[in-house]
Amino acid sequence: MSNYASPEEYNLADLLCCAASREVQDNEIVFAGTGLPMVAIMLAQKTHAPNLKLIFEAGTLDGRPPELPTSVGDARCETGASRSSGLFDAFSIAQRGYVDLGFLGGAEVDLYGNVNTTCIGDYLEPELRLTGSGGNPDINSFASRTVFIMVHEKRRFVENVSYITSPGWRVKKWPGGEFVHRRELYGSAFRGGPSAVISTAGVFRFDEQDGHMYLDTCHPGKTPAEIKELCQFNLDVSRVAGETAPPTREELHFIHDVLDPDQIFIPKVKKA
Amino acid sequence: MSTDKRITLQQAAEIVKNGSSLTFSGFTIWRRPFAVIFELIRQQKRGLHLIEVNGGPQTEFLVGAGCVDIWESCWVGHELYGKYGANLSRKVGKKEILVEDYSHAEMLFRFTAAAQGAPYAVTQTSLGTDIHNPDYDILGRAGKRDGKRIAKHKYVFAEDPFFGAGSQVLIPAAKVDVAILCVQQVGEEGTVRVNGQLYSDPEVARAADITIVMAEEIVPEEYLRRNADQNTIATFEVDHILECPFGAHPTGMFGKYDVDGPFLKDFYANTRTQEGFDAFAKEWIFGLDHIAYLEKLGWQRMLNLRANTALNYRPRK
């Protein structure tokens, strides 16, 4: 793999996109969200996972859009699909257990991979109301694996999220709200949970037994100590496997010349 | 043989009363019935209860204009043209609106239950999240749960009695007074043909007590009945129809026109404050009708949005 791009040839968005793309395995059924994940999944389709099946939440099954959609309800999602349908089919298929992998985002994440996209501050007296859940908890409940892509700031990697929008490995058991392993709550519907968080600092994974996040790889130029300092919770840095692999020149070609030439989601490196 | 279902934009908005519960066709920034939304704002509706599978610009316009008291849904924003719903956020902060949060699949299944005439749906989504936090039952806290149109409970947990599959969540049917759809074609008697993704249109049309369909064009029933397998909604599920070209603008319509991204960006950037919203509404809603709105947008802008009919979207190159 000597075809890795050198640092001046790519930017952080390229690195995240390629790291996300490498989470996809061939033949998997992947639930696509809007934005960078859409590019990442289509990149996987062009490279190592040509037989992946793409589902768009708004109702496209096994889509192969020839031009990058700007959202999952975009008219471009329908072109070339196996079936164009609606949300009833997309969510029924997900609940039925067809979905291997979903890509999601969030404003805050905790040690267990619980994610918040609803509000900042007390839910009943919020400092800021955000978008709300969307399909985030649904995909995270139904898929075997989910990957979160997040901006890494200390205020976002928190001890307790303001609101658990999307379930991680240890979640609240109601009515009391005590934390239990998600396996206990989901019963026969338990299929897995968050498998990675790809932040702007590194790639994080989860110990599925105790449900704790640990640092897997540091993005080029970052150290485990720096990244630990960027988390409010006590991040496990004892299992670091090394550095996040940079994009290859082939991947950069697909991102910028084929998938997103108009830089809708992934900006190009500015030439010096 | 058929009673005439045709109404005008003004009549469509008049069907929605102050305090009505209301839902729409479409998905985030696609196929929202904007011509009627603008007319609802011109008629200064108050106390609306929006129940939406997902929100979008239509939520933001109605909320910003002060038409909405209750919003039950899961998401609001403008996709890549505005990352959250700034009007809703402002009104939540000022406690001028009640927001009941469900997940996206829960909202969809709630409409599916209503469309089947079932009192509730059962699912295993979102277990362990704050969506099921008993302290966060906003309509319950506000004393709105009368067990009539608004369910007695936000949700109820139950164990699977049949297969022992564990904890299930029961969620109430989404009972709505009026659904307003925006589609490509409707027949003179109400047969609807949606092209492209259906989103949750079949479910919301069937769930509502009154269904209004605004179409780019009204076509002869006979034309739609030649290929009944391509139709989406049957005549008797539709109460009123109207023709309104570009009725979804600034949202997009498969096969007809793309989303007007700059318009939504402009709206998002300029309506963070109530003063900003009021100025935007003064410029783009009040004092205009649909034709005047299109004239103000101009030919150049509309032609640049027009979809290629072979591709069903406007190619970027």
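If you read the sequences in order, they're chains A and B.
When the letters of the first sequence are read in order and numbered with this note's numbering, they come out as residues 3 to 274.
When the letters of the second sequence are read in order and numbered with this note's numbering, they come out as residues 729 to 1045.
Even glycine gets a Cβ: it sits at the ideal position worked out from N, Cα and C.
Does I765(B) get closer than 9 Å to chain A when you measure Cβ to Cβ?
-> At a cut-off of 9 Å between C-beta atoms, I765(B) does not count as an interface residue with respect to chain A.
Write down the C-beta distance between E780(B) and F752(B) rounded to the nearest angstrom, noting that I regard them as a contact closer than 8 Å.
-> Correct: roughly 7 Å between the Cβ atoms.
Going straight from the alpha carbon of L737(B) to that of A976(B), what length do you get?
-> When only Cα atoms are considered, L737(B) and A976(B) end up about 13 Å apart.
Would the region 102 to 115 of chain A and the region 71 to 91 of chain A be scored as touching if the rule is three or more Cβ pairs under 8 Å?
-> Between the region 102 to 115 of chain A and the region 71 to 91 of chain A, the count of Cβ pairs shorter than 8 Å is below three; the stretches do not touch.
Can you tell me the Cα-Cα spacing of G754(B) and N162(A), whole angstroms?
-> Looking at the two C-alpha atoms, the distance is approximately 35 Å.
Residues within the region 898 to 925 of chain B neighbouring chain A, beta-carbon criterion of under 8 Å | Here the close residues are G924, Q925.
Are the C-beta atoms of G805(B) and some chain A residue less than 9 Å apart?
-> Under the Cβ criterion of 9 Å, G805(B) is counted among the residues facing chain A.
Contact check, Y830(B) vs I899(B), beta carbons under 9 Å | Taking the C-beta atoms as reference points, I899(B) is found nearer than 9 Å to Y830(B).
Output the residue ranges of the alpha helix (DSSP H) runs that lie fully inside the region 945 to 1003 of chain B and measure 4 residues or longer, sorted by chain position.
-> Listed in chain order, they are 949 to 953, 989 to 998.
Which of the three DSSP states, helix, strand or coil, is assigned to T840(B)?
-> It is helical.
Residue environment, T1037(B), which counts as buried when at least 16 other CB atoms sit within 10 Å | That one is exposed.
Counting Cβ pairs, one atom from each stretch, are 3 or more of them under 8 Å apart for the region 840 to 852 of chain B and the region 803 to 812 of chain B?
-> No: the two stretches stay apart, fewer than three of their Cβ pairs being nearer than 8 Å.
Compare the beta carbon distance of W171(A) and E110(A) with 9 Å and say whether it is the shorter of the two.
-> No; because the gap between Cβ atoms is not below 9 Å, this pair is not in contact.
Within 10 angstroms of the Cβ of V41(A), are there 16 or more other Cβ atoms? Answer buried if so, exposed if not.
-> Counting the other Cβ atoms within 10 Å of the Cβ of V41(A) gives 16 or more, which makes it buried.
Which first and last residues belong to the alpha helix (DSSP H) in which L113(A) is found?
-> Bounds of any alpha helix (DSSP H) do not take in L113(A), whose DSSP letter is neither H nor E.
Please determine, among D16(A), S8(A), L70(A), the residue with the shortest C-alpha to C-alpha distance to R1042(B).
-> Checked all of D16(A), S8(A), L70(A); the closest Cα to R1042(B) is L70(A).
What runs of the alpha helix (DSSP H), each 4 residues or longer, lie entirely inside the region 806 to 871 of chain B?
-> Listed in chain order, the complete alpha helix (DSSP H) runs (minimum 4 residues) inside the region 806 to 871 of chain B are 814 to 821, 832 to 843, 866 to 869.
Is E767(B) buried or exposed, if buried means 16 or more other CB atoms sit within 10 Å of its CB?
-> The residue in question, E767(B), is buried, as its Cβ has 16 or more Cβ neighbours within 10 Å.
When you compare only the Cα positions, how much space is there between N955(B) and V966(B)?
-> Distance between N955(B) and V966(B), taken at the CA atoms: about 19 Å.
Helix or strand or just coil, what does DSSP make of T939(B)?
-> DSSP places T939(B) in strand when its eight states are reduced to three.
Taking all protein chains shown into account, do 16 or more other C-beta atoms lie within 10 angstroms of the C-beta of E824(B), making it buried, or fewer, making it exposed?
-> Under this definition E824(B) is an exposed residue.
Q925(B) classed as buried or exposed, judged by whether at least 16 other C-beta atoms fall within 10 angstroms | Classification of Q925(B): buried, given that the 10 Å Cβ count is 16 or more.
Give the C-beta separation of E228(A) and N5(A) to the nearest angstrom, bearing in mind that I take them to be a contact with Cβ-Cβ under 8 Å.
-> For a cut-off of 8 Å, the C-beta gap from E228(A) to N5(A) is around 28 Å, too long to register as a contact.
From which residue to which residue does the alpha helix (DSSP H) around A96(A) run?
-> Note, A96(A): alpha helix (DSSP H), 89 to 98.
For T36(A), go through chain B and note every residue whose CB falls closer than 9 Å to its CB, in chain order.
-> Scanning chain B for C-beta atoms nearer than 9 Å to the C-beta of T36(A) yields T756, E807, L808, reported in chain order.
How would you write the range of the alpha helix (DSSP H) that I43(A) sits in, first residue to last?
-> Annotation: the continuous alpha helix (DSSP H) that includes I43(A) extends over 38 to 48.
Between D64(A) and V242(A), what straight-line distance do the alpha-carbon atoms span, to the nearest angstrom?
-> Cα to Cα, the separation comes out at about 36 Å.
Since I believe T919(B) is in contact with L952(B) (beta carbons under 8 Å), could you give me their beta-carbon distance rounded to a whole number of angstroms?
-> That pair is a contact at about 5 Å.
Report the residue from R193(A), S201(A), V182(A), G223(A) whose alpha carbon sits nearest the alpha carbon of D212(A).
-> When only C-alpha atoms are compared, the closest one is V182(A).
Environment of M729(B) [buried if 16+ CB atoms lie within 10 Å] = With a pLDDT of 47 at M729(B), under the threshold of 50, the modelled position of that residue is not reliable, and the figure given next carries that caveat. With fewer than 16 neighbouring CB atoms inside 10 Å of its own CB, M729(B) falls in the exposed class.
Measuring CB to CB, does S817(B) end up less than 9 Å from Q852(B)?
-> No.
Listing by chain order, which chain A residues have their CB less than 8 Å from the CB of F982(B)?
-> Residues of chain A passing the Cβ test: A77, E80.
Where G223(A) falls: helix, strand or coil (DSSP) | In the structure shown, G223(A) adopts coil according to DSSP, grouped into three states.
Taking Cβ to Cβ, would you say E59(A) is nearer than 9 Å to A34(A)?
-> It is a contact, given that the beta carbons lie within the stated cut-off.
For H154(A), which three-state DSSP category applies?
-> Coil at H154(A), not helix or strand.
Measure the CB-CB distance between A1020(B) and S190(A) and report whether it falls below 9 Å.
-> No, these two residues do not count as a Cβ contact at 9 Å.
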